[in-house]
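A.B. asks:
Residue numbers (our numbering): 210 to 517.
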């Protein structure tokens with residue numbers, strides 16, 4: 210729902226900004242139009258990411274298809290950079306040296322479009338903020354930490370795109386106002402460049418996060434502790450000496466652990482018990498696949514006493 214709302218808002222805003230940019234000849238408004246069209250295209254990538262990553266695991270993909278969300282979200286982040294940032298900066302630089310003729314009495318149209326755009330983008334941003342707060346509350350993390358370090362790449366992309374959109378609208382409004390008051394077109398061109406740099410910074414953050422997830426990002430201590438306590442809550446597990454978690458999809462991890470089983474059962478019974486416990490652990494919504502093995506006798510225990 211968050212992605213769909215963002216997509217519809219971006220389409221409406223992009224059409225309005227394109228019209229206003231054509232009427233006013235404003236470089237900042239054109240940069241904002243490019244920004245919104247890029248965001249609308251990126252939402253398509255995010256919808257594809259969400260749909261394809263939800264496919265159940267099969268023999269060819271025993272860990273599921275969750276990493277497709279990271280890949281398609283990476284494409285979306287690159288789109289922000291190439292379409293939004295590059296076009297905005299290039300057009301701003303061009304306008305510094307060869308400004309287009311100013312359309313008479315067209316500032317009001319620009320302000321109206323920017324105001325309506327802020328309303329639509331703000332609605333989309335509030336939806337993403339609400340989802341971030343729900344996720345942060347569920348995992349007992351701070352909202353900023355959750356949106357920066359969560360494996361939910363589609364939510365992170367929408368949040369930062371909407372945030373950058375609101376900042377970009379403020380820059381465009383200020384640039385348009387300075388142009389109107391001073392008559393100096395360089396302010397408008399500078400606004401376009403600043404919007405492009407803003408989009409570039411957002412794109413770099415999103416690319417970095419998706420790249421880390423694709424190459425195997427280790428979850429934070431809060432999730433490690435929760436998974437460790439989940440294992441120790443099993444009656445047959447006496448201690449955990451090794452725990453490896455790896456994101457294999459949005460909010461889904463691959464778990465590998467070395468555990469010590471209570472008692473001294475024969476090896477066949479231990480093997481059956483480990484397989485059964487792994488299946489039970491996989492019922493947790495955060496675990497895609499769990500693999501358990503026996504601990505070495507002299508391996509030290511892991512401490513899972515920290516709060517999430």
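All C-beta atoms, glycine included, are put in the ideal place defined by N, C-alpha and C. Here the structure is a predicted model, which is why all the values come from computation and not from measurement.
How should residue 336 be labelled, buried or exposed, when 16 other C-beta atoms within 10 angstroms of its C-beta is the threshold for buried?
C.D. replies: buried
A.B. asks: Would you kindly work out how many angstroms separate the C-alpha atoms of residue 364 and residue 445, rounded to a whole number?
C.D. replies: 38 Å
A.B. asks: How about the segment 353-364 and the segment 420-439: do they share at least three Cβ pairs that are nearer than 8 Å?
C.D. replies: These segments touch.
A.B. asks: Is it buried or exposed, residue 297, if we count other Cβ atoms within 10 angstroms and call 16 or more buried?
C.D. replies: buried
A.B. asks: Taking the alpha-carbon positions, what's the residue 282 to residue 418 distance?
C.D. replies: 10 Å
A.B. asks: Less than 6 Å between C-beta atoms, sequence neighbours within five positions excluded: which residues of the same chain meet that for residue 443?
C.D. replies: 486
A.B. asks: Just to confirm before moving on: does the CB-CB distance between residue 483 and residue 501 stay below 8 Å?
C.D. replies: yes
A.B. asks: Between which two residues does the alpha helix (DSSP H) carrying residue 414 extend?
C.D. replies: 395-423
A.B. asks: Using only the alpha-carbon positions, how far apart do residue 380 and residue 286 sit?
C.D. replies: 21 Å
A.B. asks: Within its chain, find whatever has a CB closer than 7 Å to the CB of residue 377; leave out the 5 residues flanking it on each side and keep chain order.
C.D. replies: Once the five neighbours on either side are set aside, the close Cβ partners of residue 377 are 241, 244, 404 and 407.
A.B. asks: Sort 220, 250 and 460 by Cα distance to residue 330 and report the nearest one.
C.D. replies: Measuring from the Cα of residue 330, the nearest candidate turns out to be 220.
A.B. asks: For residue 351, is the classification buried or exposed, using 16 other Cβ atoms within 10 angstroms of its Cβ as the cut-off for buried?
C.D. replies: exposed
A.B. asks: DSSP has residue 498 in a bridge; who is on the other side?
C.D. replies: Beta-bridge pairing links residue 498 to 463.
A.B. asks: Give me the Cα-Cα distance between residue 325 and residue 237, rounded to the nearest whole angstrom.
C.D. replies: 16 Å
A.B. asks: By the DSSP assignment, the beta strand (DSSP E) with residue 454 in it spans what residues?
C.D. replies: Annotation: the continuous beta strand (DSSP E) that includes residue 454 extends over 446-458.
A.B. asks: Short of 7 Å in beta carbon distance, which residues of its chain neighbour residue 513, apart from the five on each side in sequence? Order them along the chain.
C.D. replies: 434, 437, 438 and 441
A.B. asks: Which class does residue 371 belong to by DSSP, given the choice of helix, strand or coil?
C.D. replies: Note: residue 371 maps to helix in three-state DSSP.
A.B. asks: I need the straight-line Cα distance from residue 456 to residue 301, nearest angstrom please.
C.D. replies: 40 Å
A.B. asks: Quick one: is residue 239 buried, meaning 16 or more other Cβ sit within 10 Å of its Cβ, or exposed?
C.D. replies: buried
A.B. asks: Name the two residues that bound the continuous alpha helix (DSSP H) containing residue 284.
C.D. replies: Per DSSP, the unbroken alpha helix (DSSP H) holding residue 284 starts and ends at 276-288.
A.B. asks: Nearest-angstrom Cα distance between residue 480 and residue 217?
C.D. replies: 53 Å
A.B. asks: Cutting at 6 Å between CB atoms, please list the residues of its own chain near residue 467, excluding the five before and the five after it.
C.D. replies: 450, 451, 502 and 504
A.B. asks: Of all the options 470, 432 and 476, which has the alpha carbon lying nearest to the alpha carbon of residue 494?
C.D. replies: 432
A.B. asks: With distances taken Cα to Cα, identify the nearest neighbour of residue 317 among 411, 233 and 276.
C.D. replies: 233
A.B. asks: Among 373, 400, 367 and 392, whose alpha-carbon lies nearest the alpha-carbon of residue 382?
C.D. replies: The candidate whose alpha carbon is nearest that of residue 382 is 400.
A.B. asks: Spatial neighbours of residue 341 within its chain, please: C-beta separation below 8 Å, excluding the five flanking residues on both sides.
C.D. replies: Within the same chain, Cβ atoms closer than 8 Å to the Cβ of residue 341 are found at 352, 355, 356, 364 and 368, the five residues on either side in sequence being excluded.
A.B. asks: Rounded to whole angstroms, what's the CA-CA distance from residue 334 to residue 508? Just pull it up for me.
C.D. replies: Rounded to whole angstroms, residue 334 to residue 508 spans 48 Å at the Cα level.
A.B. asks: DSSP state of residue 503, grouped into three classes?
C.D. replies: strand
A.B. asks: Tell me whether residue 471 sits in a helix, a strand or coil according to DSSP, three-state version.
C.D. replies: Coil.
A.B. asks: Residues in its own chain within less than 6 Å of residue 229 by CB, not counting five upstream and five downstream?
C.D. replies: 238, 318, 319 and 322
A.B. asks: Where do the N-terminal and C-terminal ends of the alpha helix (DSSP H) with residue 270 fall, by residue?
C.D. replies: Residue 270 -> no alpha helix (DSSP H), and no H or E assigned at all.
A.B. asks: Which residues in the same chain as residue 248 place their Cβ atom closer than 6 Å to its Cβ, once the five residues preceding and following it in sequence are excluded?
C.D. replies: By the criterion of a C-beta distance shorter than 6 Å, residue 248 is surrounded in its chain by 219 and 370, once the five residues flanking it on both sides are discounted.
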